[in-house]
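These notes concern the structure reproduced below.
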Amino acid sequence: METTTLSRRQSLVSPTEEAHVPTSTVDDIRIEPRSARTSSDRPPSLHAAADDSSKVAATAELASIMTIVSNPVPPGPSSPSLNEAVRPQDFIPPARPSSTPFPQPEPRNAEIKCTSCPAGAAPHDAHMQGMDAWDDPSFLLQQQPAVRAGLHFHDLPPEIHECILDHLFGYRVSATSKSSVGMHSVTKSWSTALRHSRRRELSELALVSSVWRALIQERLYRHIKIKATVGSVNGALVWFAQRPHLRPYVRHVEVWFPVFQPKPGSPATMVLQATSTLPTVTVDGLSASSYVLPVDNCSLDETFYFVGTTFPEVTVLTLEGGERKKAPKVTHFVYGDCTRRAQEASSQYSPFWESTVSENVERIMPKVPSVRTLVCKGQWNLIRSEEDFQHIMSALPNLQEWHGTYNKPKSKSYLTMAEILPRLPPQLKQLHLYLEADYRRELSFPAYFVKVTNRLHFCQRLGLAALGKPGSPSIEHLSYTGRVCRTFFDVLAQSADPRSTRLKSIDLTVKNCCRQVQIWNEMGSGIMDVKFIAAFEALVLAGIKALKRLRALEYLRIRYVDLDSPIPALNPYFILRRDGWCEGVWSDKIVRALQASRPEARFRDLSDIPSFIGFGKDGRVVISAESMGKVTSFKLDNYRYLSAGGGFVVAA
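If you're matching positions, the sequence shown starts at 1 in UniProt numbering and goes up one per residue.
Here's what the structure looks like:
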């Protein structure tokens, strides 16, 4: 093999030179038979006649081929005879001219593997016996370059690791997106990871690899919940001070303020000290005297200082004020009440931070500039006046989204928000208010809302807040759950400037439509209340007419939700989607108003009655429960059949 290769290299040195091939060169050429042929391959006479003459003829023929003639083009290799062995030959490319940009040939990978043959298979024919050395591992190590080190699990791209963890424990949502707060079903598995029963198993996943350590810790500490007491906050401060690499992982901090604590010496306290768990509530219940007002809660300025100095990347802050009968208000400043000063004088008080600010100096709330979203749960215990609202807004200079939720409907909730709405910060882009979110129908207006209507019209204040202050930008997204009427859209249509307004979406969940009536049974809500359906139609009609002035508005949803409704699919709603299609209730007035305000918008379908509604022989409405589905089109005039004297029947 080596001799043949060297001889070919000598013949290809220069096609114009004459080279003399010595006799020894021809003698060194060894021709191995391809295989041992039997007598059946060719006639016996040929074997006997060509035995001696074949060697002489082959030697002369090879000598003439390897001799360089005067022809500048060298002859190509002749076809091998039957007696020649088929051996793999090295291909030697010709020398490249110097004028080429890359005169040197590129190195090629000598590792050639057959993917169609099984590894380690024995040769299937006798003519492959010369290839047995190629299967030797030592021969491969000598002839082939160093094999690249094998890939490990941690060498996979980060996207693959992210997909694995998302598949196991749910998908993460960006903390800056709207769905990070609203889509609890998506983020629940990770947001509660530190508190559910398998938190130890989740934390042990960080030991899989160094890559997973950062990914798991990032998920575990993405959303943390801290009790707003001096001891809990001090413990969290020490924890993150000893582990500073975990601080940038925190994006959502939830701080909840206790509204009660076990009384010292009570049975509940002894159970807590023995088991470190909450006591089991029996049928008789725990006595009210076992719990007292908390005395170790942090103030808001301490909370903001802790969040701002500990978590540099936090973007969502949740403050939970709690709910109970006669719940205490959360203290905004540490020196703002007599209770904290009494604690400071006692020996049991452990100072949270040493402060040199005296009470005579103007109190300033610490700033947390990284927070973009504020969620207030139990907002009545956090904000009870316009001054309280200004304190919180001063700590969040870059706030863009505000969620305010009240646990119980109160007249003070409407009155307080009526004072706050005209004073919203100009940088606020999204406003989400939930004043009454119980989703139950009512027979008449409650007494607390009558107090509100005697003092002001809340819908007018809400409409002015959606437009913003004169000369300042308005909010872009408004979501409201509570009582609202057509006055809200009338204010928008009268005061909105089509050139400057930036209101893009409005989402209204109607508890009831406020209206001026004197008879108590005409103040209710529900699909069987004719007065409410008429007020709901007026609300939708006013919203469609306001579209002419609200040119930037892309999404409009007005819905009524009644969890106790006998026919939940018939709860009235109207939706104008971003693509221009409309769904929900309709009437002739609504269709004409929509054509005048938004000519490009139209209903997908204008059907009077859904397919699951029919009429019996006695004239009553019969509803098929099996075929009941989502209603995309329903004429408002058909609600009068439900409130007729005959009523309706739901067929199984």
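Even glycine gets a Cβ: it sits at the ideal position worked out from N, Cα and C.
Can you give the beta carbon distance from residue i to residue j, rounded, assuming they're within the 8 Å contact cut?
i           : j           : result
residue 573 : residue 585 : 7 Å
residue 452 : residue 458 : 6 Å
residue 384 : residue 416 : 6 Å
residue 513 : residue 539 : 6 Å
residue 407 : residue 329 : The Cβ separation is near 14 Å, so there is no contact.
residue 304 : residue 248 : Wrong, their Cβ atoms sit about 19 Å apart, outside the cutoff.
residue 220 : residue 202 : 7 Å
What residue range is occupied by the uninterrupted alpha helix (DSSP H) comprising residue i?
i           : result
residue 407 : Unbroken run through residue 407: none, as it is neither H nor E.
residue 253 : Run containing residue 253: none in the alpha helix (DSSP H); it sits in the beta strand (DSSP E), 252 to 256.
residue 563 : First-last for residue 563: undefined, no H or E at that position.
residue 653 : A question about residue 653 goes unanswered here, because the residues of the chain that appear run from 1 up to 652.
residue 153 : Unbroken run through residue 153: none, as it is neither H nor E.
residue 539 : 530 to 545
residue 231 : 230 to 242
residue 589 : 588 to 597
residue 576 : No alpha helix (DSSP H) holds residue 576; the beta strand (DSSP E) holding it covers 573 to 576.
residue 413 : 411 to 420
residue 491 : 487 to 495
For residue i, does the three-state DSSP call read helix, strand or coil?
i           : result
residue 430 : strand
residue 636 : helix
residue 653 : Here the chain has residues from 1 to 652 only, and residue 653 is not among them.
residue 73  : A caution first: residue 73 carries a pLDDT of 49, below 50, which makes its placement in the model too unreliable to give a value.
residue 315 : coil
residue 227 : strand
residue 377 : strand
residue 613 : strand
residue 207 : helix
residue 557 : strand
residue 463 : helix
residue 603 : strand
residue 623 : strand
residue 201 : helix
residue 162 : helix
residue 386 : helix
residue 442 : coil
residue 436 : coil
residue 583 : strand
residue 49  : The predicted model places residue 49 with a pLDDT of 46, which falls under 50 and marks its position as unreliable, so this point remains unresolved.
residue 323 : coil
residue 642 : helix
Please list the terminal residues of the continuous beta strand (DSSP E) segment that includes residue i.
i           : result
residue 512 : 505 to 512
residue 478 : 477 to 483
residue 333 : Note, residue 333: premise wrong, no beta strand (DSSP E); not H, not E.
What do you reckon, are the CB atoms on residue i and residue j nearer than 8 Å?
i           : j           : result
residue 634 : residue 610 : yes
residue 526 : residue 579 : no
residue 252 : residue 211 : no
residue 363 : residue 333 : yes
residue 297 : residue 258 : yes
residue 318 : residue 368 : no
residue 515 : residue 485 : yes
residue 433 : residue 480 : yes
residue 462 : residue 488 : yes
residue 523 : residue 642 : no
residue 322 : residue 256 : yes
residue 419 : residue 386 : yes
residue 533 : residue 414 : no
residue 398 : residue 430 : no
residue 536 : residue 555 : no
residue 508 : residue 491 : no
residue 501 : residue 552 : yes
residue 468 : residue 475 : yes
residue 314 : residue 370 : yes
residue 306 : residue 250 : no
residue 601 : residue 570 : no
residue 435 : residue 470 : no
Just to check, is the beta-carbon of residue i closer than 7 Å to a non-hydrogen atom of the ligand PLP?
i           : result
residue 402 : In the structure on display, the ligand PLP does not appear, and there are no ligands present to speak of.
Counting only C-beta atoms, is residue i closer than 8 Å to chain D at any point?
i           : result
residue 413 : Absent from the structure: chain D. Only one protein chain is present.
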